[in-house]
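Heads up: the structure comes next, in structure tokens.
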Amino acid sequence: MFEKRTGKIGGDMDKTKTETQTKTEIKTEAEMNVVELATFYVGDALCGMNILQIQEINKLMMMTKVPQAPDFVLGILNLRGQIVTVIDLGKKLGMGETDMSLELRNVIVNSTGSSVGLLVKKIGDVVAVNLTNKEQPPANMSGIQGKFFTGVYKKENGLIGILDINKVLSMEE
Amino acid sequence: MNNQINDKREQAEQTNTDTSIRVQVSLLDSLMTLAGELVLSRNQLLQTIGSEDYHNVDAVGQRIDMITSELQEAIMLTRMQPIGNVFSKFPSVVRDLAKKLGKNVELEIIGKDVELDKTIIEAISDPLTHLIRNSVDHGIEMPSDRQEIGKPESGRVVLRAFHEAGQVVIEISDDGKGLDGDSLAAAAIGKGLLSVEQVQVMSEKEKVNLIFLPGFSTAQEVSDVSGRGVGMDVVKTNLDTLGGSIDIVSEINCRTTISIKLPLTLAIIPCQIIMTGDERYAIPQVNLEELLRIPAHQVKERIECVGNAEVVRLRGNLLPLIRLADVICIERTYFDPVDCEKKVDRRERISDRRGRVSQVSGSDDQGLQQAKTTGAKQSQPRLIDDRRHSPRSALNIVVVSTGSMRYGLIVDQLLDSEEIVIKPLGIHLQGCKGYAGATTMGDGRIALILDVSNLARMAELMPLDDTHRAAEVAATTEETLRMNNERQSLLVFRSSEEEQFGVNLDLVDRIEKINQSKIEELGGKRVMQYRGGSLPLICVDDVATVQSLADREDLLVIVFNYGSKTVGLLAIGPIDALEVNVDIDNVTLKQNGIQGSAIINGYTTMLVDVPELIDTIYPEWVDDSLEFLSEEQGTSFTPSSDAH
């Protein structure tokens with residue numbers, strides 16, 4: 004669903020941009036493919052997501068525990084009347100439980116029709132990357148299986164893995 | 254971001270093209286006004302808070318409260334749709350079906366304008382179609398048959414909707430052949446859904462309602478119209494999920510009326526809020542039967558263990574119990590009303606008493622050790638009236654019922670009843686079957702809504718019989734059997750210290766207290782002077798092999814009228830007159846003069862057969878006894894008022 008949506012946005016943008024291009028011819032092809040990534044740490048790995056996929060980033064709020072939920076579900080919380088399921092991203096990706104700290108952040112995304120909060124160890128910068136520089140993900144990145152990534156970007160301070168949020172949140176193991 | 258929102262809207266439009274809704278402009282206008290009011294109130298509130306003018310907060314709060322409820326009402330109204338939307342398709346359904354079956358059927362529709370929530374309107378369509386088809390197919394007879402019994406040739410089906418007591422009632426009635434309770438009952442027995450005994454005690458109405466049992470069909474052959482035996486059961490299940498109910502009234506060869514009661518709306522439902530562990534949970538009022546609090550001193554009497562299962566006695570019935578904490582696998586806790594805090598429950602069984610000293614933390618070993626040490630420190634003698642009277646041992650039980658069963662849910666605390674808005678849980682929690690959704694509470698936190706039927710399934714609680722109906726039937730059977738098992742009036746006495754006897758109180762004329770010295774032994778028979786004559790005295794041990802009469806100064810004489818003669822039975826106290834219904838065991842202790850035994854008040858009591866006793870001692874009286882027996886069967890003896 005997400006994929007589709009982002010694809011569409013991309014398409015729309017392409018269209019408008021080609022229109023502007025034909026008129027003004029200011030933007031280069033490289034600039035066109037630039038997307039902004041919100042980055043965060045899951046365990047030691049630096050992961051990123053298209054910033055447009057993220058609804059908001061919150062500090063940890065009071066949660067309601069759900070007995071008998073899967074172990075990676077920390078609970079549910081009330082986000083302005085919306086029920087949000089909070090998931091420990093580290094645990095979901097097989098990195099073990101995320102330790103409680105002040106740097107914890109809750110990344111709220113909309114996936115498959117409902118809101119999900121991804122608990123991450125801490126957040127990093129917003130990084131602009133060029134889509135053409137994307138490389139194939141390795142089989143394993145800092146302990147996270149490669150299948151959860153759509154690609155990897157090389158940056159001065161290391162690698163940013165692009166999380167495939169639908170895959171991460173799908174219930175199939 | 255804007256792009257995304259637009260995109261979302263686009264998507265929503267794509268998927269929901271067919272779900273647009275007609276709303277009156279006047280309603281939209283009032284919504285607009287209310288929205289304006291809400292904005293004004295918000296400004297007022299912000300201003301009040303900004304200026305720290307807290308006196309005004311109350312007034313503003315009240316205003317917002319009022320606007321919110323009005324707004325809620327108005328928005329609910331936009332969801333209301335006339336039921337005519339569903340009814341409109343039925344004329345053609347009836348016409349087609351009647352043509353196919355070769356019947357003449359008229360359909361009359363009343364109350365098209367009655368409004369119901371959109372979701373209910375959508376969900377009610379299929380069950381209604383089924384019921385209408387049933388009426389035409391099974392209810393209305395063939396025209397020739399109708400003529401024979403003097404009915405107009407064309408049958409009539411009336412579909413009527415109206416408001417009643419805050420609910421909407423939909424009635425489907427036909428003037429067809431009606432439902433024959435007895436043939437339904439016979440079919441139920443034939444399919445093994447009920448036993449003959451169960452059916453015998455059922456009322457006509459109960460028999461007619463058998464049609465809702467799963468797997469039930471009376472149709473001889475399966476057609477494409479009906480007869481698969483799933484229909485009515487599915488209709489009932491569908492209505493149950495909507496929070497509605499269904500009932501049938503039928504008169505043979507005259508009419509059948511099926512009435513469906515439905516709530517006006519589903520989006521906001523009243524719920525009972527309970528607390529277990531540290532979390533609040535909501536139980537829909539639809540499922541709630543009653544709230545039960547068992548005071549500490551009654552816990553031991555009313556909670557029983559059947560195997561591993563715990564049950565509570567509730568008005569003569571046994572109700573299975575489930576601990577909410579166990580089903581959802583959290584630590585057992587209880588709420589201590591004395592200290593007003595949650596504590597860990599360490600009792601194995603509910604009927605165990607809670608210790609005075611509770612270990613709030615620590616593993617079991619530690620807890621025990623702590624218990625020992627603190628127990629040693631506080632080794633003061635326990636007060637007698639202290640046992641099991643502490644309010645902390647009381648139990649809070651929510652009695653809930655679902656389509657198929659009824660059980661008690663043990664919770665820590667019972668809180669308020671509230672109107673809540675149901676919100677669905679995300680996909681990651683779809684696996685948790687115990688919850689029907691979540692809702693936000695007044696303080697902003699979330700409470701989970703419990704799905705009581707799935708909880709029962711998780712606790713592996715099985716309904717005793719196939720369905721709740723069958724269980725109900727079984728209950729009525731039991732009750733009737735108990736009623737049939739006539740209550741007997743018994744006079745209980747003793748002859749020796751150890752053995753208790755009972756006689757039918759109806760046979761007893763009076764009871765006299767005498768001194769042993771008054772007994773005279775003449776001609777091998779014991780007599781005493783009584784009302785100017787001599788009263789023959791007998792003893793149970795004269796005939797039956799039981800312990801002999803106790804050697805006491807003060808004795809009792811139970812006087813029986815035996816035909817024209819009067820006989821006294823020697824006995825000792827304590828005596829008591831009881832109304833009991835007992836199962837008489839007429840095998841184990843049966844002997845000459847004893848007709849059997851029964852357990853009365855914890856004692857095995859031998860029931861004395863007085864006529865047989867007298868016949869054995871005075872065989873010459875046999876002729877009189879016949880008269881006695883006939884009199885016994887005819888009019889019952891009333892014990893005289895001075896029997897005690």
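Residue numbers (our numbering), protein chains in the order written: chain A, 4 to 176; chain B, 254 to 897.
Every residue gets a Cβ at the ideal spot worked out from N, C-alpha and C, and that includes glycine.
- When secondary structure is reduced to three states using DSSP, HIS681 (chain B) falls in the helix class.
- Nearest neighbour of VAL502 (chain B) by Cα position, chosen from B:GLN538, B:SER670 and B:ILE425, turns out to be B:ILE425.
- For a cut-off of 8 Å, the C-beta gap from PRO140 (chain A) to GLY164 (chain A) is around 6 Å, short enough to register as a contact.
- In the three-state reduction of the DSSP assignment, LYS553 (chain B) falls in the helix class.
- With respect to chain A, the C-beta atom of CYS558 (chain B) has no partner C-beta closer than 8 Å.
- Taking ARG805 (chain B) as the centre and dropping the five residues before and after it, the same chain places the C-beta of GLN769 and ILE825 closer than 8 Å to its C-beta, in chain order.
- Comparing C-alpha distances from VAL835 (chain B) to each of B:GLY846, B:ALA851 and B:ASP829 shows the shortest one belongs to B:ALA851.
- By the criterion of a C-beta distance shorter than 6 Å, ILE86 (chain A) is surrounded in its chain by ILE79, once the five residues flanking it on both sides are discounted.
- Inter-residue distance for VAL411 (chain B) and ILE363 (chain B) is about 8 Å (C-alpha atoms, whole angstroms).
- DSSP, reduced to helix, strand and coil, places PRO140 (chain A) outside both helices and strands of the structure shown, so it counts as coil.
- Assigned with DSSP and collapsed to three states, ALA312 (chain B) falls in helix.
- Between VAL129 (chain A) and LEU55 (chain A) the beta-carbon gap is near 11 Å, outside 8 Å, which marks them as no contact.
- One alpha carbon belongs to ALA803 (chain B), the other to SER817 (chain B), and they sit about 30 Å apart.
- SER748 (chain B) is classed as buried because its beta carbon has at least 16 other beta carbons within 10 Å across all chains shown.
- Boundaries of the alpha helix (DSSP H) around THR869 (chain B): 863-870.
- Contacts between MET35 (chain A) and chain B, judged by CB atoms closer than 7 Å, are missing: the closest CB pair is about 16 Å apart.
- Under the Cβ criterion of 8 Å, THR693 (chain B) is counted among the residues facing chain A.
- Take the alpha-carbon of LEU790 (chain B) and the one of GLY445 (chain B): they are about 58 Å apart.
- Between ILE168 (chain A) and VAL112 (chain A), the C-beta spacing is below 8 Å.
- At a cut-off of 8 Å between C-beta atoms, THR101 (chain A) does not count as an interface residue with respect to chain B.
- Annotation for ARG585 (chain B): no beta strand (DSSP E) segment contains it, and DSSP assigns it neither H nor E.
- Checking the DSSP bridge columns, you'll see LYS158 (chain A) partnered with A:GLY161.
- For ASN61 (chain A), the closest alpha carbon among the candidates A:LEU105, A:VAL69 and A:ASN143 is that of A:LEU105.
- For ILE57 (chain A), no CB of chain B lies under 8 Å from its own CB, so it is not counted at the interface with that chain.
- Two segments are said to touch when three or more pairs of C-beta atoms, one from each, lie closer than 8 Å; by this definition the region 365-377 of chain B touches the region 330-339 of chain B.
- Exposure of PRO827 (chain B) is indicated by the presence of fewer than 16 other C-beta atoms within 10 angstroms of its C-beta.
- Judged by beta-carbon spacing, VAL278 (chain B) lies beyond the 8 Å limit of LEU384 (chain B), meaning their Cβ atoms are not closer than that value.
- Between ILE663 (chain B) and LEU574 (chain B), the gap from beta carbon to beta carbon is short of 8 Å.
- If you compare the alpha carbons of B:PRO677, B:GLU323, B:PRO335 and B:ILE393 with that of LYS356 (chain B), the shortest gap goes to B:ILE393.
- Of the residues A:VAL155, A:GLU159 and A:ASN160, the one whose Cα lies closest to the Cα of LEU166 (chain A) is A:VAL155.
- For GLY84 (chain A), at least one C-beta of chain B is nearer than 8 Å to its own C-beta.
- Take MET485 (chain B), set aside five residues on each side of it, and the residues of its chain with a beta-carbon closer than 6 Å to its own are ILE464 and PHE465, in chain order.
- Annotation for ILE853 (chain B): LEU743, VAL745, GLN753, GLY755, LEU831, VAL833 and VAL835 place their beta carbon closer than 8 Å to its own, counting only its chain and skipping 5 residues before and after.
- With fewer than 16 neighbouring CB atoms inside 10 Å of its own CB, ALA288 (chain B) falls in the exposed class.
- Close to CYS685 (chain B), with beta-carbon spacing below 7 Å, are these residues of chain A in chain order: VAL69, GLN71 and ALA72.
- At least one CB of chain B lies nearer than 8 Å to the CB of VAL119 (chain A).
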